[in-house]
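Taking my numbering, the leading residue of the sequence shown gets 4, the next gets one more, and so forth.
All residues carry an ideal CB built from backbone N, CA and C; glycine is no exception.
A quick write-up on the structure given underneath.
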Amino acid sequence: MKRSFRRENPNAQTTIIIPNYNGLDFLEPCLESLSRQTVHDFKVLVVDNGSSDGSVEWLREREIPSVFLEENTGFPGAVNVGIREADTPFVLLLNNDTTVDPRFVEFMERAIQRSERIFSVSSRILQMYQPELMDDAGDLYTVMGWACQRGVGREAKRYGRPCRIFSACACAAIYRREIFQQIGCFDEAHFAYLEDIDVGYRARLYGYDNVYCPEAVVYHVGSGTSGSRYNAFKVRLAARNNIYLLYKNMRLWQLILNGPFLLAGMAVKYLFFKNMGYGKEYLSSLLEGIQTAGRQKRVPSSPGRFQRELAIQLELMAGTAVYIYELFRRRTSGAGKTGTPKETEDSASKAVRESILQGAEGGKNGTAPGKKQES
């Protein structure tokens, strides 16, 4: 590496927190890209989630500032440790299976400093092996209770303008640390999936903004770190966590208003997961979420809350329109390909399936036991 990362850096504005779970193969390229940054007043802190693949020894050998946890606490548990350890105004969460452009930190710091009302900034996340395609340009949430990655699979050049977003993708996002002290950190009950949507939603209810910075570019391996994209573990967590998210952030009037759409969204996801062999897991996890939601802390009322809820409701409706557009775009894109009728049908069906399943998964920060993961 071109530079060493010191734990003490009195001029640092940002602490970069890298959660790691059995991600030895990813650590060196990730840290190497950080060593090439145009700004140097930042700290790096790796939070290891009980790795057994040699990550711990590698980090100690190179004296990388790290916290070593004895067991896998999930993505929220790991990054919360880092947030509490940090003493800088900003914390930047970065998945271990990423590399970043040389001006990444510079642009992220510049974006979040534009207003004290900005809670988080999401970067332009590109697919590692197809960098002309988007992986994430900030996250959306819909009235159906589906979360999705804005721009996923589309040409990156389409997402070159900064804008407000529903929430930042915690794969590569910078946060204002003092706001965590007001609204709370990532919900550790989630363990993995939708935790970034949840904290972004919470910040919006408190009156803060989440924005997208296209100049800050990241390359992300993504689902390649966890083996199969969908499995029973992911289905269970995503289903349960969505119930938690709705219970904590929506008041009764919103739940009633969105109820038919939420039920329809759950029904569609159940049919798709049933077709994949995960129908029982999905239903049992929904039931678990309903039974245990009362243990979760709801966002308290505050002045101006109702007006903010109305604005969020409109954004949820707009997000639904965008999601439906993306779904049909994928379907027509798949159906427009040449090939035999069966190949064409399979391609279109796959496009729709991937779009719907993406809404079931939401975030990309899972931590499946025994597999290489971002956290």
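Quick check for students: name the residue ranges of the alpha helix (DSSP H) that lie wholly in the stretch 36-115, counting only runs of 4 or more.
58-64, 77-88, 107-115
Own chain, CB closer than 6 Å to LEU96, minus 5 neighbours either side, in chain order:
For the purposes of this step, residue 96 is taken as residue 93 along the sequence shown, with counting starting at 1. The answer, listed in chain order, is ILE20, VAL82, ALA173, ALA176.
Per DSSP, which residues does TYR222 bridge with? Please list them.
For the purposes of this step, residue 222 is taken as residue 219 along the sequence shown, with counting starting at 1. DSSP lists THR102, LEU129 as partners of TYR222.
Along the chain, where does the beta strand (DSSP E) containing TYR144 start, and where does it finish?
Residue 144 sits at position 141 when you count from the first residue of the sequence shown. Taken as a continuous stretch (DSSP letters only), the beta strand (DSSP E) holding TYR144 covers 142-144.
Residue burial classification, HIS193 (beta-carbon count within 10 angstroms, cutoff 16)
Within the sequence shown, residue 193 is the residue found at index 190, counting from 1. Its Cβ being crowded by 16 or more others within 10 Å, HIS193 is buried.
Where ASP190 sits in the DSSP three-state scheme:
Indexing the sequence shown from 1 puts residue 190 at position 187. Residue state, collapsed to three classes: coil.
Among the candidates VAL221, ARG87, GLN294, GLU158, whose CA atom is the shortest distance from the CA of LEU37?
To locate residue 37, count along the sequence shown from 1; it is residue 34. For LEU37, the nearest C-alpha among the options comes from VAL221.
Using the C-alpha atoms, what's the distance from ARG311 back to TYR247?
Sequence index remark: in the sequence shown, residue 247 carries index 244 (1-based). Sequence index remark: in the sequence shown, residue 311 carries index 308 (1-based). The straight-line gap from Cα to Cα measures roughly 20 Å.
Identify the residues that DSSP records as bridge partners of LEU330: which are they?
Within the sequence shown, numbered from 1, the residue matching residue 330 stands at position 327. None; LEU330 has no bridge partner.
Is the number of C-beta pairs between the stretch 144-152 and the stretch 263-277 that are closer than 8 Å three or more?
yes
Kindly confirm or deny that the stretch 99-116 and the stretch 67-78 touch, where touching means at least three C-beta pairs closer than 8 Å.
no
My understanding is that PRO217 touches GLY163, with C-beta atoms under 8 Å, so please give their C-beta distance in whole angstroms.
Taking the sequence shown and counting its residues from 1, the one referred to as residue 217 is at position 214. Taking the sequence shown and counting its residues from 1, the one referred to as residue 163 is at position 160. At roughly 5 Å, the Cβ-Cβ gap stays under 8 Å, so PRO217 and GLY163 are in contact.
CA-CA distance, VAL214 and ASP138?
Taking the sequence shown and counting its residues from 1, one reaches residue 214 at position 211. Taking the sequence shown and counting its residues from 1, one reaches residue 138 at position 135. When rounded, the distance between both Cα atoms is 16 Å.
Give me whichever residues DSSP pairs with GLN152 in a beta bridge.
Start at 1 with the first residue of the sequence shown, and residue 152 comes out as number 149. Answer is ASP142.
Tell me the rounded alpha-carbon separation between PHE8 and SER170.
Residue mapping note: residue 8 aligns to position 5 of the sequence shown, counting from 1. Residue mapping note: residue 170 aligns to position 167 of the sequence shown, counting from 1. Looking at the two C-alpha atoms, the distance is approximately 29 Å.
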